[in-house]
Amino acid sequence: MKNIILHITAGQGPKECQWFVSKLANVFGKEAAKLGLECELLERPDEAASSLLISVSGKGCEAFADERTGTIRWIGESPFRPKHKRKNWYVGVKPIPNDDDVPELKDQDIKYQAIRASGPGGQHVNKTDSAVRATHTPTGITSVSQDQRSQFANKKIARLKLVLIFEEQRELTASKSKEGVWQQNRELERGNEVRCYEGSKFRRRS
């Protein structure tokens, strides 16, 4: 079955944008279900998290991803600062690159280590050593996945996170200057939005 991993990120946005990341993941899940697609959260939703990974599977997942890749806006009052004048909040969505697009990340250079999951507790946090830390030995870059029940699944997601880190570093390097980096962060807000939702029920705005 065809599968695409989407990365939803608040970029450099404030707490409201981080909150919108988790809400948007739930919206995508409902939209995917209506289209007969499977949508799975690969990480535990957290209103303080700046990004999330979701997996979309099934016939038509490519079109689903294409229609949502880019800047997405939510129009609504801040859930944290009721008197805040700002009403527009932005997040970015993009697919995780394929392995072929990140040739410098070789399997033989990645070391995996089983670790005990950490977190606030609850039924969604593993109580065994199924969490995995992936380390890219040439650079020392690490990633951790602990939200899946099996060590095998966490291993795959930890590797996906390494791919994402390498891709983000490449984008920053391509900026070549502080001005370029600043502009890249601003693009999330200034870019042409591909979708817009509004209100507490996150209705899509046409």
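The letter at position 112 of the sequence shown is residue 301 when you use the numbering used here, and the numbering goes up by one with no holes. Ideal placement from N, C-alpha and C gives every residue a C-beta, glycine not left out.
Same chain, Cβ closer than 6 Å to S267, neighbours up to 5 away in sequence not counted: E205 and H273
Does the beta-carbon distance from I346 to L213 come in below 8 Å? no
For my contact list, W278 and R262 are in at a C-beta cut-off of 8 Å; report their separation, rounded to the angstrom. 7 Å
Secondary structure at Q207, three-state DSSP: helix, strand or coil? helix
If you draw a straight line from the C-alpha of V210 to the C-alpha of R392, how long is it? Distance between the alpha carbons of V210 and R392: 15 Å.
Sorted by chain position, which residues of the same chain lie with C-beta nearer than 8 Å to C385's C-beta, five sequence neighbours on each side aside? Taking C-beta separations shorter than 8 Å and ignoring five residues to either side along the sequence, the partners of C385 in its chain run I261, R262, W263, I264, R393 and R394, following chain order.
Neighbourhood of K390 by C-beta distance below 7 Å, restricted to the same chain and skipping five residues each side: none
Those residues which DSSP pairs with A323 across a bridge: Y301 and S332
Selected residue, minimal CA-CA separation from A306, among A323, I354 and V333: Comparing C-alpha distances from A306 to each of A323, I354 and V333 shows the shortest one belongs to V333.
Secondary structure of L231, DSSP reduced to three states: coil
Cross-strand partners of G462 (DSSP beta bridge): No statement about residue 462 is possible, as the shown extent of the chain runs from 190 to 395 and does not include it.
By DSSP, does L241 sit in helix, in strand, or in coil? In the three-state reduction of the DSSP assignment, L241 falls in the strand class.
Which residues does DSSP pair with R393 in a beta bridge? Y386
With a threshold of 8 Å on Cβ separation, who are the neighbours of H313 within its own chain once the five nearest residues in sequence on each side are excluded? Reliability of the predicted coordinates at H313 is poor, the pLDDT of 47 falling under 50, and the value obtained from them is presented with this limitation in mind. Only R233 and D336 meet the Cβ criterion.
Nearest to A222 by alpha carbon, out of I299, K248, P203 and Q297? For the set I299, K248, P203 and Q297, the Cα lying nearest the Cα of A222 is the one of K248.
Would you check if the distance between the CB atom of I197 and the CB atom of V282 is smaller than 8 Å? yes
Can you tell me where the beta strand (DSSP E) with R338 in it begins and where it stops? For R338, there is no enclosing beta strand (DSSP E), as DSSP marks it with neither H nor E.
Hey, A254 and P284 are a contact pair by Cβ (cut 8 Å); roughly how many whole angstroms apart? 5 Å
Rank L224, N381 and V352 by C-alpha distance to the C-alpha of L195 and give the top, closest one. With distances taken between Cα atoms, L195 lies closest to V352.
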